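These protein sequence lines map, in sequence, to chains A and D. Going letter by letter, the first sequence gives residues 1 to 199 in the working numbering. Going letter by letter, the second sequence gives residues 1001 to 1199 in the working numbering. Each residue gets a CB set at the ideal place from its N, CA and C atoms; glycine is no exception. The structure displayed is predicted, hence computed values, not measured ones. Take a look at the structure set out below.
2 protein chains.
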Amino acid sequence: MKNIVWHPNKVTRNDREKIKNQKGCVLWFTGLSGSGKSTIANELEYELNKMRYHTYLLDGDNIRHGLIKNLGFSDLDRKENIRRISEVAKLFVDAGIITITAFISPFIEDREKAREIIGTKNFIEVFVDTPLEVCIQRDPKGLYKKALNGEIKNFTGIDSPYERPLSPEIIIDTKKYDIISSVSLIIDYLKNKKYLDFR
Amino acid sequence: MKNIVWHPNKVTRNDREKIKNQKGCVLWFTGLSGSGKSTIANELEYELNKMRYHTYLLDGDNIRHGLIKNLGFSDLDRKENIRRISEVAKLFVDAGIITITAFISPFIEDREKAREIIGTKNFIEVFVDTPLEVCIQRDPKGLYKKALNGEIKNFTGIDSPYERPLSPEIIIDTKKYDIISSVSLIIDYLKNKKYLDFR
């Protein structure tokens, strides 16, 4: 390679989005444990993939034992946890991907931090609004039982607060919406806001 | 939402790859500062994007001020640095993306750790082999000058070693290959190994 001056062609976010026929964004699901976040997020990704949109889901399954495995449950670690997930989500947006995150993320401050890192025009807060008593009744992982017995400390909804979003982009009232209609609601939002088929 | 048992459709890596007509992988560029890693990586991404393949480039520009901004230059921090980049690259592979990383990554141990985290079948080590004296002569960022003056400590090639890869998947001898032919070499590798057009 000669020592020439070379101006490399930089691929931009827009170049990556163009071949995907979509805009990168983050659908940041928030809600109590057992509220239905993961179920709706998974079904949403399934529908988008069927429509040949390019998605990725960040959740406990692929994050907890990897990127954040060296973090604990202190306040400081919780913030670093959200920061790392947000920074990764930001990279996925830059890659042109419709990125879905599914974490309880109970604190307004943390979600606002995520919005700040990711950029508000890329950030779609999806509040899965399910009453606590319904979540306790479902208790899919048996965690509420343990929390109520005092076996788990600082459990959201029991001995740690869940701060409801003040003005989320999307609210899913699960008393009114089943899974399929929740997914439709979100896909309609993405279409209306031109995240899909934007050309 | 009724309290029904619901088996969500999980989107797999394969589902994400199918709509992209490619296999996710990591092209892990390694080489001295000024060896041409970023230049080749950028041109490679440009060519792949023109061919409508789905790529992402992880480099200092999008990583340093984000995901690893709270890390310094100690041995421990260097390892954590590589670990986080590897974990993120692994997520991009799972998303079906041809992921390109461009970091000096001078130590065999670190690159082997990256290979282990990402998975050897997904990991393509690309050694950009440019003689140190050529890199010093180019010195695009003026860093060698500073290192030789003692203004920067632990600079790879000057007062910190660069450990050449023992058996990288791809070697680019930049005395023989210019930028365009380096990119062709890599794209041919991806085709031969069925990372592209794999159906």
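What is the rounded straight-line gap between the Cα of residue i and the Cα of residue j?
i, j, result
"lysine 18 of chain A", "valine 11 of chain A", "11 Å"
"serine 1033 of chain D", "isoleucine 1085 of chain D", "18 Å"
"arginine 1078 of chain D", "phenylalanine 1107 of chain D", "10 Å"
"lysine 1153 of chain D", "aspartate 59 of chain A", "40 Å"
"asparagine 1021 of chain D", "leucine 1196 of chain D", "7 Å"
"threonine 1030 of chain D", "valine 1134 of chain D", "16 Å"
"serine 74 of chain A", "alanine 1147 of chain D", "40 Å"
"isoleucine 82 of chain A", "alanine 114 of chain A", "7 Å"
"methionine 1001 of chain D", "proline 168 of chain A", "Here the model assigns methionine 1001 of chain D a pLDDT of 45, short of 50, so the residue's position is not dependable, and the following value carries that caveat. C-alpha separation (whole angstroms): 20 Å."
"asparagine 1149 of chain D", "arginine 13 of chain A", "39 Å"
"methionine 51 of chain A", "aspartate 1015 of chain D", "12 Å"
"lysine 194 of chain A", "leucine 1132 of chain D", "49 Å"
"arginine 1064 of chain D", "leucine 71 of chain A", "20 Å"
"asparagine 1003 of chain D", "threonine 156 of chain A", "Note that asparagine 1003 of chain D scores 43 on pLDDT, short of 50, meaning its location in the model is unreliable; the coordinates nonetheless yield the value given after this. If I take the Cα positions, the gap works out to 20 Å."
"leucine 1091 of chain D", "glycine 24 of chain A", "16 Å"
"threonine 1055 of chain D", "isoleucine 1097 of chain D", "5 Å"
"tyrosine 144 of chain A", "isoleucine 136 of chain A", "6 Å"
"isoleucine 1187 of chain D", "lysine 69 of chain A", "35 Å"
"serine 184 of chain A", "threonine 130 of chain A", "18 Å"
"arginine 111 of chain A", "proline 1165 of chain D", "42 Å"
Taking the beta strand (DSSP E) that residue i belongs to, which residues open and close that run?
i, result
"alanine 1095 of chain D", "Looking at the DSSP string, alanine 1095 of chain D is not in any beta strand (DSSP E), and its letter there is neither H nor E."
"glutamate 125 of chain A", "123-129"
"tyrosine 46 of chain A", "Note, tyrosine 46 of chain A: premise wrong, no beta strand (DSSP E); alpha helix (DSSP H) at 37-50."
"valine 1026 of chain D", "1025-1030"
"isoleucine 170 of chain A", "170-173"
"isoleucine 1110 of chain D", "It is worth fixing the name first, because residue 1110 of chain D is aspartate in this sequence and not isoleucine. Premise fails: aspartate 1110 of chain D lies in the alpha helix (DSSP H), 1108-1118, not in any beta strand (DSSP E)."
"leucine 166 of chain A", "Leucine 166 of chain A -> no beta strand (DSSP E), and no H or E assigned at all."
"aspartate 1059 of chain D", "1055-1059"
Consider the Cβ of residue i: report whether some Cβ of chain D lies at a distance smaller than 9 Å.
i, result
"glutamate 87 of chain A", "yes"
"methionine 1 of chain A", "Confidence is the limiting factor: at methionine 1 of chain A the pLDDT is only 46, short of 50, which leaves the residue's position unreliable, though a coordinate-based value still follows. Yes, methionine 1 of chain A counts as interfacial toward chain D."
"tyrosine 144 of chain A", "no"
"asparagine 201 of chain A", "As displayed, chain A neither begins before 1 nor continues past 199, which places residue 201 of chain A out of reach and without an answer."
"phenylalanine 92 of chain A", "yes"
"leucine 66 of chain A", "Sequence inspection shows glycine at residue 66 of chain A; the leucine mentioned does not correspond to that position. Yes, its Cβ sits closer than 9 Å to a Cβ of chain D."
"isoleucine 97 of chain A", "yes"
"lysine 193 of chain A", "no"
"glutamate 112 of chain A", "no"
Just curious, the alpha helix (DSSP H) that residue i is in, first and last residue?
i, result
"leucine 1158 of chain D", "Per the sequence shown, the amino acid found at residue 1158 of chain D is isoleucine instead of leucine. Element bounds for isoleucine 1158 of chain D: n/a, residue is neither H nor E."
"tyrosine 144 of chain A", "143-148"
"valine 1201 of chain D", "Because chain D here runs from 1001 to 1199, residue 1201 of chain D falls outside it and cannot be looked at."
"asparagine 1021 of chain D", "Taken as a continuous stretch (DSSP letters only), asparagine 1021 of chain D belongs to no alpha helix (DSSP H), as it is neither H nor E."
Whole-angstrom Cβ separation of residue i and residue j, contact assumed at under 8 Å?
i, j, result
"valine 200 of chain A", "threonine 99 of chain A", "One cannot answer for residue 200 of chain A here, as it falls past the ends of chain A, which runs 1 to 199."
"glutamate 1080 of chain D", "isoleucine 1117 of chain D", "Incorrect: roughly 12 Å between the Cβ atoms, too far for contact."
"threonine 1039 of chain D", "isoleucine 1171 of chain D", "Not confirmed; about 17 Å, so no contact."
"isoleucine 1124 of chain D", "leucine 1048 of chain D", "With 8 Å as the limit, isoleucine 1124 of chain D and leucine 1048 of chain D do not qualify as a contact, their Cβ atoms being about 13 Å apart."
"tyrosine 46 of chain A", "asparagine 1009 of chain D", "4 Å"
Counting contacts by CB-CB distance shorter than 9 Å, is residue i in contact with chain A?
i, result
"leucine 1076 of chain D", "no"
"proline 1171 of chain D", "Checking the sequence shown, residue 1171 of chain D turns out to be isoleucine, not proline. Not closer than 9 Å to any Cβ of chain A, the Cβ of isoleucine 1171 of chain D fails to qualify, so no."
"isoleucine 1117 of chain D", "yes"
"leucine 1190 of chain D", "no"
"leucine 1071 of chain D", "no"
"threonine 1055 of chain D", "yes"
Tell me which residues of the segment 1004-1035 of chain D have at least one Cβ-Cβ distance to chain A shorter than 8 Å, keeping chain order. Under the 8 Å Cβ criterion, the segment 1004-1035 of chain D contributes Trp1006, Pro1008, Asn1009, Lys1010, Val1011, Asp1015, Arg1016, Ile1019 and Lys1020.
For the segment 1148-1163 of chain D, which residues have a beta carbon sitting closer than 8 Å to at least one beta carbon of chain A? Cβ contacts with chain A come from no residue of the segment 1148-1163 of chain D.
Residues in the segment 120-131 of chain A having any Cβ partner in chain D nearer than 8 Å: Along the segment 120-131 of chain A, going in chain order, the ones with a CB nearer than 8 Å to a CB of chain D are Thr130.
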